[in-house]
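Please read the structure below before turning to the comments.
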Amino acid sequence: METILDDMCECWTSALKSMPRFCFYIGLLFLQTACGIEPHINCTDAKKVHVGMRQADVVKLLGDPYFVSLSKDNVVFGWQDKEDIRLVKNSLQIHINPQTGLINNIEGTCAE
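Residue numbers for the sequence shown follow numbering that gives the first Met the number 0, beginning at 0 and rising by one.
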């Protein structure tokens with residue numbers, strides 16, 4: 000039994016290592032949705048975010064994003080203060096270049 004589990008773990012590990020970056024982001028999107036993250040944003044911290052900053056540093060500063068979306072050229076992470084988009088007063092969206100992991104655009108009411 001242990002060898003089957005070991006083989007499954009090894010197979011899963013090798014698949015993760017060879018997974019393209021965009022598949023990682025798709026998986027992250029599903030994990031974010033499955034975890035039921037509540038909307039939250041601190042505009043004081045959000046004003047510290049700047050173009051050229053690394054994705055990991057922004058997540059460390061602001062916490063997990065409320066939403067993640069994918070486009071042809073960017074991955075967009077977003078934070079907002081309300082679940083219903085019509086009621087949102089404070090928001091921040093960062094556009095990340097998937098090849099470099101660096102922010103190339105910032106939008107929202109909490110942007111610098």
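Ideal Cβ positions, reconstructed from N, Cα and C, are used throughout, including at glycine.
Since the structure is predicted, the reported quantities are computational estimates derived from the model, not experimental observations.
**OP:** Counting only the same chain and skipping the five closest in sequence on each side, list residues whose C-beta sits under 6 Å from that of residue 90.
**Re:** 79, 107 and 108
Original post:
To which residues of the same chain is residue 61 closer than 8 Å at the C-beta, ignoring the five residues directly before and after it?
Top reply: 40, 41, 44, 45, 48, 78 and 91
Subject >> Cβ neighbour criterion (16 or more within 10 Å) applied to residue 67 >> reply: buried
Subject >> Which of helix, strand or coil DSSP assigns to residue 57 >> reply: helix
Original post:
DSSP on residue 105, reduced to helix/strand/coil?
Top reply: strand
**OP:** Sort 51, 82 and 98 by Cα distance to residue 71 and report the nearest one.
**Re:** 98
Subject >> Burial state of residue 84 (16 or more Cβ within 10 Å) >> reply: exposed
Original post:
In chain order, what residues of the same chain have a beta carbon less than 8 Å from the beta carbon of residue 33, not counting five sequence neighbours either side?
Top reply: For residue 33, the predicted structure reports a pLDDT of 48, less than 50, and the residue's modelled location is therefore unreliable. The matter cannot be settled from this model.
**OP:** Keeping to the same chain, check which residues put their C-beta closer than 8 Å to that of residue 58; ignore five residues upstream and five downstream.
**Re:** 64 and 76
Original post:
Under the rule that 16 or more other beta-carbon atoms within 10 Å means buried, what is residue 74, buried or exposed?
Top reply: buried
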